[in-house]
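Novice: Counting with mature numbering (1 follows the signal peptide of the UniProt record, and there is no 0), you get residues -38 to -1, 1 to 300 for the letters of the sequence shown.
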Amino acid sequence: MSILRISTGVVSGTMIKSAAAGLVLLGTAFAVTGQASADEVIVGLVTKTEVNPFFVKMRQAAEEEAKAKGVKLIARAGKFDGDNEGQVTAIEDLISAGAKGILVTPNNSTGMLGIIKKARDAGVLVIALDTATDPADAVDATFATDNFEAGVQQGTYARKALGDKKPVLAMLDGTPGGTVDTFRHNGYLKGFGLAEGDPAIAGSAITNGAQDKGQVGMENLLSKNGDINAVYTINEPAAAGGYAALKSFGKEADVVLTSIDGGCAGVRDVKAGKIAATVMQFPYKMAAMGVDAVVDYAASGKKPSGFVNTGSFLITDKPIAGIESKDTEWGLKNCWGD
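Printed below as a string of structure tokens:
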């Protein structure tokens, strides 16, 4: 399989038709014109960003599964977490290119509804990966972590790890408008045993799931309240930023910092004691299942439906009685389902 990486420009229909059957197009700012040939199956993948390791792994899985199934993958992404407009444009291009199915991780769970309907009305199978739409039945199916339950796992562990200490909680949230952010945030609070607005919540910061914003957000929260002893994080990049801030304040040993992702880097941070526990999810499985579903749809016309939970596990080297978990040795062998 050949791989063509393009950052800007236009890929003509002639170029697409003359490329090898296994061609994968990767990029963030190009248009795809022309139609697929009658016998080729195009699978589109539209992720939130190209740089977040979670979505890098998802794209890798889609590339490998597409190659194994003999179909063409066109992978696109938003320019940043929250780039709803960029994702809409990407799906427009994939419809024009003749994609049989599109796998999408929506930046905004309601902002994609119009373009998703347009794709489905054109006969394109649309599957949400990782992030559900709102309403959930706006897509044909969703293959994802149960993000509310993952949040519950994180919060339950954090509260018990805190022991008898009175909680002073900081929350490093992701990007407003996405179901992942909402479900994980609310799940954590349920697991921790707090309601939204509880005075035990010292404050929150929007990180967009990025390390630099996680660090700045945590620094700001610590400047306002130095008694913080528990930190929720939307993902492991935000947790890495949060840890850097805690360390700069000399607080890294006094705070229960937890996360969700289960990437190899995050598991290593758990092993090193930077993160007390993380909840592993499986983006590789999500993407591979998505490609397989599009291939099946192209062959039989059969569509998947509903929500498919791709699973999650709590990873920690400091297990707590009554909470099911795996250690980092297991985590490093299974990170992100590779």
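Heads up, the beta-carbon is just placed ideally off N, CA and C, and yes, glycines get one too.
The structure presented is a predicted model; accordingly, all values stated were derived computationally and were not measured.
Going by the CB atoms, is the gap between LEU134 and ALA157 shorter than 7 angstroms?
Specialist: Here residue 157 refers to the residue found at position 195 when the sequence shown is read from its first residue. Here residue 134 refers to the residue found at position 172 when the sequence shown is read from its first residue. No; because the gap between Cβ atoms is not below 7 angstroms, this pair is not in contact.
Novice: In terms of DSSP beta bridges, what is LYS34 paired with?
Specialist: The residue labelled residue 34 in the question sits at position 72 within the sequence shown. BP columns for LYS34 point to ILE4.
Novice: When burial is assigned at 16 or more other CB atoms within 10 Å of the CB, is GLU286 buried or exposed?
Specialist: The residue you call residue 286 lines up with position 324 of the sequence shown. Exposed, since its Cβ has fewer than 16 Cβ neighbours within 10 Å.
Novice: Is DSSP giving PHE42 helix, strand or coil here?
Specialist: On the sequence shown, position 80 is the one that residue 42 refers to. In the structure shown, PHE42 sits in coil (DSSP, three-state: anything other than H, G, I, E or B).
Novice: Counting contacts by CB-CB distance shorter than 7 angstroms, is ALA201 in contact with chain D?
Specialist: Reference to chain D is not applicable here, since this structure consists of a single protein chain.
Novice: Thinking C-alpha only, which one of ALA239, VAL142 and GLY44 is nearest GLY225?
Specialist: Here the question's residue 225 lines up with position 263 in the sequence shown. Here the closest residue by C-alpha is ALA239.
Novice: Measure how close the beta-carbons of SER71 and GLY113 come, nearest whole angstrom, since I'm counting them as under 8 angstroms.
Specialist: For this step, residue 71 is matched to residue 109 along the sequence shown. For this step, residue 113 is matched to residue 151 along the sequence shown. 16 angstroms between Cβ atoms; not a contact.
Novice: For PRO281 and VAL33, what's the separation of their Cα atoms in angstroms?
Specialist: For the purposes of this step, residue 281 is identified with residue 319 of the sequence shown, where counting begins at 1. For the purposes of this step, residue 33 is identified with residue 71 of the sequence shown, where counting begins at 1. Cα to Cα, the separation comes out at about 43 angstroms.
Novice: Kindly indicate the opening and closing residues of the alpha helix (DSSP H) around GLY268.
Specialist: Here the question's residue 268 lines up with position 306 in the sequence shown. Segment 268 to 271 is the beta strand (DSSP E) holding GLY268; no alpha helix (DSSP H) there.
Novice: Quick one: grab the DSSP three-state call for LYS280.
Specialist: Looking up residue 280 in the sequence shown gives position 318. LYS280 falls in the coil class under three-state DSSP.
Novice: Report the three-state DSSP secondary structure of SER262 (helix, strand or coil).
Specialist: On the sequence shown, position 300 is the one that residue 262 refers to. Correct three-state label for SER262: helix.
Novice: Given that a residue counts as buried once 16 or more other Cβ atoms are within 10 Å of its Cβ, and exposed if not, what is VAL8?
Specialist: Walking along the sequence shown from the start, residue 8 turns up at place 46. So VAL8 counts as buried.
Novice: CB ILE277 to CB MET251, shorter than 7 angstroms?
Specialist: For the purposes of this step, residue 277 is taken as residue 315 along the sequence shown, with counting starting at 1. For the purposes of this step, residue 251 is taken as residue 289 along the sequence shown, with counting starting at 1. No, Cβ-Cβ distance for ILE277 and MET251 is not below 7 angstroms.
Novice: Whole angstroms is fine: what's the gap from THR(-11)'s alpha carbon to LEU124's?
Specialist: For the purposes of this step, residue -11 is taken as residue 28 along the sequence shown, with counting starting at 1. For the purposes of this step, residue 124 is taken as residue 162 along the sequence shown, with counting starting at 1. Low local confidence applies: a pLDDT of 37 at THR(-11) is under 50, so the model's placement there is unreliable, with the coordinate-based value given in what follows. Roughly 43 angstroms separates the two Cα atoms.
Novice: What did DSSP end up calling ARG251 once you bin it into helix, strand or coil?
Specialist: As a working mapping, residue 251 is identified with position 289 in the sequence shown. This sequence places Met at residue 251; Arg is not what is there. If DSSP states are grouped into helix, strand and coil, MET251 belongs with the helices.
Novice: Have a look at ASP102 and GLY293 and give me their C-alpha separation to the nearest angstrom.
Specialist: For this step, residue 102 is matched to residue 140 along the sequence shown. For this step, residue 293 is matched to residue 331 along the sequence shown. Roughly 32 angstroms separates the two Cα atoms.
Novice: Quick check on VAL66: does DSSP put it in helix, strand or coil?
Specialist: Within the sequence shown, the letter at position 104 stands for residue 66. Reduced to three states, the DSSP call for VAL66 is strand.
Novice: How would you label ASN170, buried or exposed, when you count the other beta carbons within 10 angstroms and need 16 or more for buried?
Specialist: Counting from 1 along the sequence shown, the entry for residue 170 is found at position 208. Counting Cβ neighbours within 10 Å, ASN170 comes out buried, since at least 16 surround it.
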